[in-house]
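Just below is one structure, and these are the notes that go with it.
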Amino acid sequence: MKRLLATAFAVTLLLTNMAYAAETPDLINNTVAMSLNNSVKTMFMSTTAQAVNKSATENVRDSKITEAFDCINQERLANGLAPLIYDNELAACAQTYSAYMAENDYFDHTSAKGETFQDRIFTSVPDVIAAAENIAFGFTSGKSVCAAWMNSSAHRANILSAEYTHVGIGFSRGDNSYWVADFGAY
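Just add 682 to wherever you are in the sequence shown, counting from 1, and you've got my numbering.
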């Protein structure tokens, strides 16, 4: 029943935002977030963030990813929030999924095999207690994907959520450019 409700919620978000996606075909605006509360998973739209590590960009390998990471933190600072810490475990999860989407020319938070972003994050990074994911395709720079996410209320909410303290970003190319930003709190 919970899985059905979560799926219905995600589909509702997707359908609600199809008009925006039609105007901006390289961004699907169906962000979903999940939190663990007393060992019960609850679906919610995100809202929060904290912490900074000045050397965090040293962990970022690709200049496009660095650009997206810097842009996300500039947006957070401009909105009175602490910058996110770049997290290598979340980044590995995000990179793996962006590569999966690129290799399969596939775009959705849930894989073709039915694996949700919650399944991926909470399995790959078991210490995370809350998580959210932004995805996009077709953008060729970190600044352009960040700007698109900031122009989408659901994606913007994830970026400007004080709940999340860490982020990992993945970028891969196939026929399109695929982006994944996985947000987490520990």
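Where is the CB? At the ideal position from N, CA and C, for every residue including glycine.
Since we're looking at a predicted model, the values are computed, not measured.
query: Between which two residues does the beta strand (DSSP E) holding Tyr-779 run?; result: Looking at the DSSP string, Tyr-779 is not in any beta strand (DSSP E); the run it does join, the alpha helix (DSSP H), is 770-786.
query: Rounded to the nearest angstrom, what separates Ile-767 and Val-810 at their Cα positions?; result: 13 Å
query: Looking only at C-alpha atoms, which of Gly-850, Ala-774 and Ala-844 sits nearest to Asn-761?; result: Ala-844
query: Taking the alpha helix (DSSP H) that Ser-835 belongs to, which residues open and close that run?; result: 835-841
query: Using the Cβ count rule (16 or more neighbours within 10 Å means buried), how would you classify Asp-857?; result: exposed
query: Which runs of the alpha helix (DSSP H) fall wholly inside the region 741-765 and span at least 4 residues, in chain order?; result: 745-760
query: Ordered along the chain, which non-local residues of its own chain (more than five positions away) have a Cβ less than 6 Å from that of Asp-769?; result: His-848 and Gly-850
query: Using the Cα positions of Asp-787 and Leu-772, report the straight-line distance between them to the nearest angstrom.; result: 22 Å
query: Taking the alpha-carbon positions, what's the Trp-861 to His-791 distance?; result: 11 Å
query: Anyone know if the C-beta pair for Ile-678 and Cys-775 falls short of 7 Å?; result: The displayed coordinates of the chain run from 683 to 868. Any statement about residue 678 would go beyond what the structure contains.
query: Report yes if the C-beta distance between Ser-834 and Ser-780 is below 7 Å; otherwise report no.; result: no
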